[in-house]
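Following: one structure in structure tokens, then a few remarks.
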Amino acid sequence: IAKSDEKAAIVQLKSALQKDPDHAEARLLLGQMLLATGDPNGASVELRRALDLGQPAGVVVPVLARAMVAEGRYKDLLDQYAALDLPQAAASADLRTSISLAYSGIGKKQEADAALAAALKAVPGYVPALQLQALTVASRGDPDTALQMVDKILQSHPDQATAWQLKGDLQFLGKGDGAAAVTAYRKALAIKQDLLPSHTGIITIALGNNDLNAAKAQLEELKKFFPNQAQTKYFEALLALRQHDLVNARQLAQQLLRGAPNYSRALHLAGAVEYEMGSLSQAEKYLSQTLQQAPGHRAARRLLAQTYLRSGQPAKALNTLLPAVEARVPDPDLFPLVAEAYLQNGDMKKAAEYFTRATKERGCRVQRTARHRCRRQRHDGRPRLDQRALRQQGSERRLEGSRRARAQATA
Numbered sequence: 003i004a005k006s007d008e009k010a011a012i013v014q015l016k017s018a019l020q021k022d023p024d025h026a027e028a029r030l031l032l033g034q035m036l037l038a039t040g041d042p043n044g045a046s047v048e049l050r051r052a053l054d055l056g057q058p059a060g061v062v063v064p065v066l067a068r069a070m071v072a073e074g075r076y077k078d079l080l081d082q083y084a085a086l087d088l089p090q091a092a093a094s095a096d097l098r099t100s101i102s103l104a105y106s107g108i109g110k111k112q113e114a115d116a117a118l119a120a121a122l123k124a125v126p127g128y129v130p131a132l133q134l135q136a137l138t139v140a141s142r143g144d145p146d147t148a149l150q151m152v153d154k155i156l157q158s159h160p161d162q163a164t165a166w167q168l169k170g171d172l173q174f175l176g177k178g179d180g181a182a183a184v185t186a187y188r189k190a191l192a193i194k195q196d197l198l199p200s201h202t203g204i205i206t207i208a209l210g211n212n213d214l215n216a217a218k219a220q221l222e223e224l225k226k227f228f229p230n231q232a233q234t235k236y237f238e239a240l241l242a243l244r245q246h247d248l249v250n251a252r253q254l255a256q257q258l259l260r261g262a263p264n265y266s267r268a269l270h271l272a273g274a275v276e277y278e279m280g281s282l283s284q285a286e287k288y289l290s291q292t293l294q295q296a297p298g299h300r301a302a303r304r305l306l307a308q309t310y311l312r313s314g315q316p317a318k319a320l321n322t323l324l325p326a327v328e329a330r331v332p333d334p335d336l337f338p339l340v341a342e343a344y345l346q347n348g349d350m351k352k353a354a355e356y357f358t359r360a361t362k363e364r365g366c367r368v369q370r371t372a373r374h375r376c377r378r379q380r381h382d383g384r385p386r387l388d389q390r391a392l393r394q395q396g397s398e399r400r401l402e403g404s405r406r407a408r409a410q411a412t413a
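The sequence shown lines up with residues 3 to 413 when you count with the working numbering.
What follows is the structure, encoded as structure tokens:
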């Protein structure tokens, strides 16, 4: 452990626990090492055992909370620890940052903001909270300011790998600059070779460019460090899905779910695979479970509605869609699906209303994008991508990237 050889430490700790299964400190250390090497599911098991064996909550719970965030178990985390008040400032800041991420994961912005403020009150300048603060600014429409905030962090912490990771996310999702993002991810990997989110960020950009060979090459790099971890299996399955190898994608998705049945990304992936294979009842099951774990997961909500429509269940599609389109800030990307659901349900008036709203929204986006590009070209001669469209396309990915980076961070 002192030499930072986490894999060797894991082997030694497991050996020690075979001799003394009730060694509480060894359970704690094993949980910490498993989380650091990208196994949040195994970490959660060991950390809970450490708690049961009497390790202090102030030591165990902040690490356990990070593991639960990495697993996508936002509701479980909030149910169990949102009300927990830890007296130690550093532990409190650590836990509150994870609580903020969990609230974001279920779409509760005010609660997320309050938890983040509590983290920074406990420890002003707490870097993971500052990174989350920048992420929040970006998600609310100001990627330029967010990048400035991250650059400020890097000025004082140039070797903070997760800050480089976040800069990559903001370059990609806020600015649409995949090349700059990959540069930032590679800087993060130069500091910490096994920083899983930077590997997956590069894979994600390659997949977005439909460069499956580049995605596969980076996946092979990831497998050198994490051959059997959930994130690796997830991207193996996702790549198989993109390659239309549905049988392999299904097998990999099921492996993921056996190890982590409540992992929201795995549930969404399994639902997507079943949808593509035409197994609509299974797709409905997995996508419904995804929304139970992560109600703010827009892609899962959309695909679940499509599943209901494809299986002739328009009423269920409407129940899925209306909370998102009738919210204070509606999701206009869902208007066409709402229109189709009303059409299947025989409500021509409502169908026409939402088809009209969808058409107007598309027209407004074209106009906004054109105006935005003209303004930017007048300013510096370079066309830019529409920020709103980028925010919508990247919202789930941005939050997931932060959660994965958070799982790698130390208190």
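Note that beta-carbon positions come from the ideal geometry of N, C-alpha and C, so glycine has one too.
Bear in mind that the values here come from a model prediction, so they are computed numbers and not experimental data.
1) Alpha helix (DSSP H) containing Ile155: first to last residue?
2) Buried or exposed, going by whether 16 or more other CB atoms sit within 10 Å of the CB of Ser106?
3) With the cut-off set at 9 Å, would you say Tyr310 and Thr322 are in Cβ contact?
4) In the DSSP assignment, the alpha helix (DSSP H) including Asn215 goes from what residue to what residue?
5) What separation, rounded to the nearest whole angstrom, lies between the Cα atoms of Gln162 and Gly143?
6) Would you check if the distance between the CB atom of Leu137 and the CB atom of Asp171 is smaller than 9 Å?
7) Using the C-alpha atoms, what's the distance from Leu289 back to Ile108?
8) So for Pro385, helix, strand or coil by DSSP?
9) Cα separation between Leu132 and Thr358?
10) Looking at Ala307 and Leu339, is the spacing between their C-beta atoms short of 9 Å?
11) Answer yes or no: do Leu243 and Glu278 have a C-beta to C-beta separation smaller than 9 Å?
12) Have a look at His270 and Ser94 and give me their C-alpha separation to the nearest angstrom.
13) Any contact of the region 181-191 with the region 25-34, i.e. 3+ C-beta pairs under 8 Å?
14) Val275 to Asp22, Cα distance in whole Å?
15) By the DSSP assignment, the alpha helix (DSSP H) with Lys235 in it spans what residues?
16) As an exercise, report each continuous alpha helix (DSSP H) stretch of at least 4 residues that is fully enclosed by the region 271-356, in chain order.
17) Looking at Leu103 and Pro145, is the spacing between their C-beta atoms short of 9 Å?
18) Tell me the rounded alpha-carbon separation between Val63 and Ala72.
19) If you pair each beta-carbon of the region 79-94 with each one of the region 111-129, do three or more pairs fall below 8 Å?
20) Which stretch, first to last residue, makes up the alpha helix (DSSP H) that contains Val110?
21) Among Leu197, Leu258, Ala296 and Leu55, which one has its Cα closest to the Cα of Asp78?
22) Between Leu324 and Arg304, which are expected to be in contact by the criterion C-beta below 8 Å, what is the C-beta distance as a whole number of angstroms?
Short version:
1) Ile155 -> alpha helix (DSSP H) spans Pro145 to Ser158.
2) With at least 16 other beta carbons inside 10 angstroms of its own, Ser106 counts as buried.
3) Yes, the Cβ-Cβ distance between Tyr310 and Thr322 is below 9 Å.
4) Note, Asn215: alpha helix (DSSP H), Leu214 to Phe227.
5) Computed Cα separation, rounded: 25 Å.
6) Closer than 9 Å, so yes.
7) The alpha-carbon atoms of Ile108 and Leu289 are separated by roughly 15 Å.
8) With a pLDDT of 30 at Pro385, under the threshold of 50, the predicted position of this residue should be treated as unreliable, though the coordinate-derived value follows. In the displayed model, Pro385 falls within coil according to three-state DSSP, outside both helix and strand.
9) CA-to-CA, the gap between Leu132 and Thr358 works out to about 42 Å.
10) Yes, the pair counts as a contact, with Cβ atoms nearer than the cut-off.
11) For the pair Leu243 and Glu278, the CB atoms are nearer than the 9 Å cut-off.
12) Those two C-alpha atoms are separated by around 32 Å.
13) Not touching, per the Cβ criterion.
14) Each residue's alpha carbon lies about 43 Å from the other.
15) Per DSSP, Lys235 belongs to the alpha helix (DSSP H) from Ala232 to Arg244.
16) Within the region 271-356, the complete alpha helix (DSSP H) runs of at least 4 residues are 282-295, 300-312, 316-327 and 337-346.
17) Pro145 is not a Cβ neighbour of Leu103, given a cutoff of 9 Å.
18) Distance between the alpha carbons of Val63 and Ala72: 14 Å.
19) Three or more beta-carbon pairs separated by less than 8 Å link the region 79-94 to the region 111-129, which places the two stretches in contact.
20) A quick correction: the sequence has Lys, not Val, at residue 110. Secondary structure note for Lys110: it is in no alpha helix (DSSP H), with a DSSP letter that is neither H nor E.
21) Asp78 has its Cα closest to that of Ala296, out of Leu197, Leu258, Ala296 and Leu55.
22) Taking a contact as a CB-CB distance under 8 Å, the pair Leu324 and Arg304 does not count as one, their CB atoms being some 13 Å apart.
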